[in-house]
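Inspection log for the structure reproduced underneath, given as structure tokens.
Residue numbers (our numbering), protein chains in the order written: chain A, -18 to 283; chain B, -18 to 283.
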């Protein structure tokens, strides 16, 4: 028995590859990386890795994290530039007892120690989008938009679990800004004895509720992943609305150690992808008229 | 009714000042800053602010965070250099809807925008300690030691709550390394409707259990702060020992909206300081023979 879940339609190719990998007895942590690398390298996905939309200075600044559900070990990098696969650095940091979270130049130095290749990550398309955005912001448009983190949670045949996230963050973010993606508990959390969860949306609001840990905590109280996702999103959405009169986008995925999964959102439609030893599934979580609902299409047996 | 709690004996002067400030109807957030600044500016305290012990490169790199319990708004800076009071930047970031967490150069840029003065933070004493440490590490000593974050949680007369942390992190840490102090949920969390908590110790292990959020979560389930602190520390200590055969230092403080407080640790002795409208207290949390205990000395009525 194995399974993997990922955020947004962009995860589909990666989830398929990771599914094949898991069916061949690959580890959950490696499967997460298989999935995330597929998204990072694809310039068509402008919120992750190569081709990611740049910050206000026109620079592509990436965040990524990895967590091993057997050891609770965390690796995380924030504000790293010039490497297509920040997830590789985050994953490598799992091997150390100290210095597991590195920011800015420190993350870069670790990537160089790993002999990762420095590359220009700004595609012509992203540069053009940035130039247009500079113009639009000058015209008074709200500068911030676009925050689709690729997140994935996996269970392997040995019941080990893992989670991974990777993002270029908010388009036009301030230099050095990080959202929830590299922050343990906010963007991701996984414990092989319970399950894992990950989040995407407005990082600044997701971290106010430590949303991924909250979902795992609810699963440890006995909730199935779907109920845990819905309850955590509803609670945070309502609390932020009550306290601050608004809640940013919150979308989450979860999977438990029994390969049950869930997803929820506070936006109209949040697509996600799941592979298990039974099915490959495209899902859509909805939040309409204050009600959670879900559509799942099994596209084929793997 | 008001109260404030801080980590380690070094917080005492700051807690006294913050207590006077709270008794004059100052806000919880400002009171936290009053306390933390007192520690940051004092070069005798070598794990925070000016005079903080440097990283492996010999540079003083600071982390700080602030959280407003009324709005759940977070401000956090990681790996910022040349400013004595990183807490001032973290607190200023509470004023924004986006870009609340800044790392490395981005945090520096924000400090400059605030017209904070750039200063050399490396004292002669810290430099000498670093040189001796380089030598000791060459002789085979384990490089990492010293991780006493100043953390504070406060309640003001309007029942608003706040939390703040500030640290120079692990002595001899890798460039760009951050621990739990600037990570929401791990190093700190506060919700004025429930209470707040903060942690100090080995950040790499504290973040494995999202320890501060876990304590607030336990308080929301009805536990008093002392029981919540003890249960959270015990659970994480046991889980890490079971999973990884070892647990790093974990020390925590908590205060709820009724100004009840608690502290717990998995080391022999963890000192903390509390001020309320009734007392100024020096406390020591102990963990001996797998049992939590506590001594509290009321030094005087404020």
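Note that CB positions come from ideal geometry on N, CA and C, so glycine has one too.
Hey, quick one: how far does the alpha helix (DSSP H) through residue i stretch, first residue to last?
i	result
residue 281 of chain A	Counting along the chain, residue 281 of chain A falls outside any alpha helix (DSSP H), though it belongs to the beta strand (DSSP E) covering 272 to 281.
residue 67 of chain B	67 to 73
residue 87 of chain A	86 to 94
residue -5 of chain B	-7 to 4
residue 116 of chain B	105 to 119
residue 194 of chain B	192 to 201
residue 17 of chain A	9 to 21
Determine the chain A residues that contact residue i at a beta-carbon separation under 7 Å, and present them in chain order.
i	result
residue 79 of chain B	125, 151, 185
residue 155 of chain B	80, 83, 87
residue 198 of chain B	198
residue 236 of chain B	Those within 7 Å of residue 236 of chain B in chain A number zero; the least Cβ separation is about 18 Å.
Just to make sure I have the definition right: I need the residues of chain B whose C-beta is within less than 9 Å of the C-beta of residue i. Which are they?
i	result
residue 158 of chain A	79, 80, 81, 82, 83, 84, 87
residue 94 of chain A	Those do not exist, as residue 94 of chain A stays about 10 Å from chain B at its closest Cβ, beyond 9 Å.
residue 90 of chain A	155, 156, 157
residue 33 of chain A	Those do not exist, as residue 33 of chain A stays about 16 Å from chain B at its closest Cβ, beyond 9 Å.
residue 121 of chain A	Those within 9 Å of residue 121 of chain A in chain B number zero; the least Cβ separation is about 16 Å.
At least one CB of chain D closer than 7 Å to the CB of residue i: is that the case?
i	result
residue 248 of chain A	The chain inventory of the structure shown lacks chain D, comprising the protein chains A and B.
What are the residues that DSSP puts in a beta bridge with residue i?
i	result
residue 261 of chain A	A:256, A:281
residue 217 of chain B	Per DSSP, none; premise fails for residue 217 of chain B.
residue 146 of chain B	B:46, B:132
residue 170 of chain A	A:178
residue 228 of chain B	Paired residues: none, contrary to the question.
residue 250 of chain B	B:267
residue 233 of chain B	B:180, B:245
residue 158 of chain B	A:83
residue 165 of chain A	A:169
List the residues of chain B that residue i touches, going by C-beta distances under 7 Å, in chain order.
i	result
residue 225 of chain A	52
residue 194 of chain A	166, 191, 194
residue -18 of chain A	The premise fails here: residue -18 of chain A is roughly 22 Å from chain B at the closest Cβ pair, so nothing lies under 7 Å.
residue -9 of chain A	Chain B residues near residue -9 of chain A: none, gap ~23 Å exceeds 7 Å.
For the beta strand (DSSP E) that contains residue i, what are its first and last residues?
i	result
residue 59 of chain A	55 to 61
residue -15 of chain B	-16 to -12
So residue i contacts chain B; which residues on that side make the cut at Cβ distance below 8 Å?
i	result
residue 167 of chain A	165, 166
residue 55 of chain A	185, 188, 189
residue -13 of chain A	Residues of chain B passing the Cβ test: none, with the nearest at roughly 23 Å.
residue 0 of chain A	The contacting residues do not exist; residue 0 of chain A stays about 27 Å from chain B at best.
residue 142 of chain A	Within 8 Å Cβ-Cβ: nothing; residue 142 of chain A doesn't reach chain B, min ~12 Å.
Which residues in chain A have a C-beta closer than 8 Å to the C-beta of residue i? List them in chain order.
i	result
residue 40 of chain B	What residue 40 of chain B touches in chain A: nothing, since even the nearest Cβ is about 10 Å away.
residue 203 of chain B	Correct list: empty, because the minimum Cβ distance to chain A is about 14 Å.
Cβ closer than 9 Å: which chain A residues qualify as neighbours of residue i?
i	result
residue 10 of chain B	By Cβ distance, chain A contributes nothing, its closest Cβ being about 15 Å from residue 10 of chain B, past 9 Å.
residue 145 of chain B	Those do not exist, as residue 145 of chain B stays about 16 Å from chain A at its closest Cβ, beyond 9 Å.
Taking only heavy atoms of the ligand MN into account, decide whether any of them is closer than 6 Å to the Cβ of residue i.
i	result
residue 57 of chain B	Only the bare structure without any ligand can be found here, which leaves the ligand MN out of the picture.
- Is there contact between the stretch 22 to 38 of chain B and the stretch 46 to 55 of chain B, where contact requires at least three CB pairs shorter than 8 Å? no
- Task: Decide if the stretch 178 to 190 of chain B is in contact with the stretch 93 to 110 of chain A; the criterion is three or more beta carbon pairs, one per stretch, under 8 Å apart.
- Result: These segments do not touch.
- Message: Does the stretch -6 to 9 of chain A come into contact with the stretch 134 to 149 of chain A, if we say contact requires no fewer than three beta-carbon pairs (one atom in each stretch) closer than 8 Å?
- Response: Result yes; three or more Cβ-Cβ pairs closer than 8 Å.
- Message: With three or more C-beta pairs closer than 8 Å as the rule, is the stretch 141 to 158 of chain A touching the stretch 41 to 49 of chain A?
- Response: yes
- Query: Would the stretch 114 to 132 of chain B and the stretch 92 to 100 of chain B be scored as touching if the rule is three or more Cβ pairs under 8 Å?
  - Reply: Short answer: they don't touch.
- Query: Is the stretch 161 to 176 of chain B touching the stretch 237 to 245 of chain B, taking contact as three or more C-beta pairs under 8 Å?
  - Reply: yes
- At least 3 beta-carbon pairs within less than 8 Å: the stretch 251 to 269 of chain A vs the stretch -16 to -8 of chain A: yes
- Message: Quick check: the stretch 191 to 199 of chain A against the stretch 68 to 78 of chain A, are at least 3 beta-carbon pairs closer than 8 Å?
- Response: no
- Would you check if the stretch 210 to 229 of chain B and the stretch 199 to 216 of chain A touch, i.e. whether three or more CB-CB distances between them fall below 8 Å? In this structure the stretch 199 to 216 of chain A does not lie against the stretch 210 to 229 of chain B, because fewer than three pairs of beta carbons, one per stretch, are closer than 8 Å.
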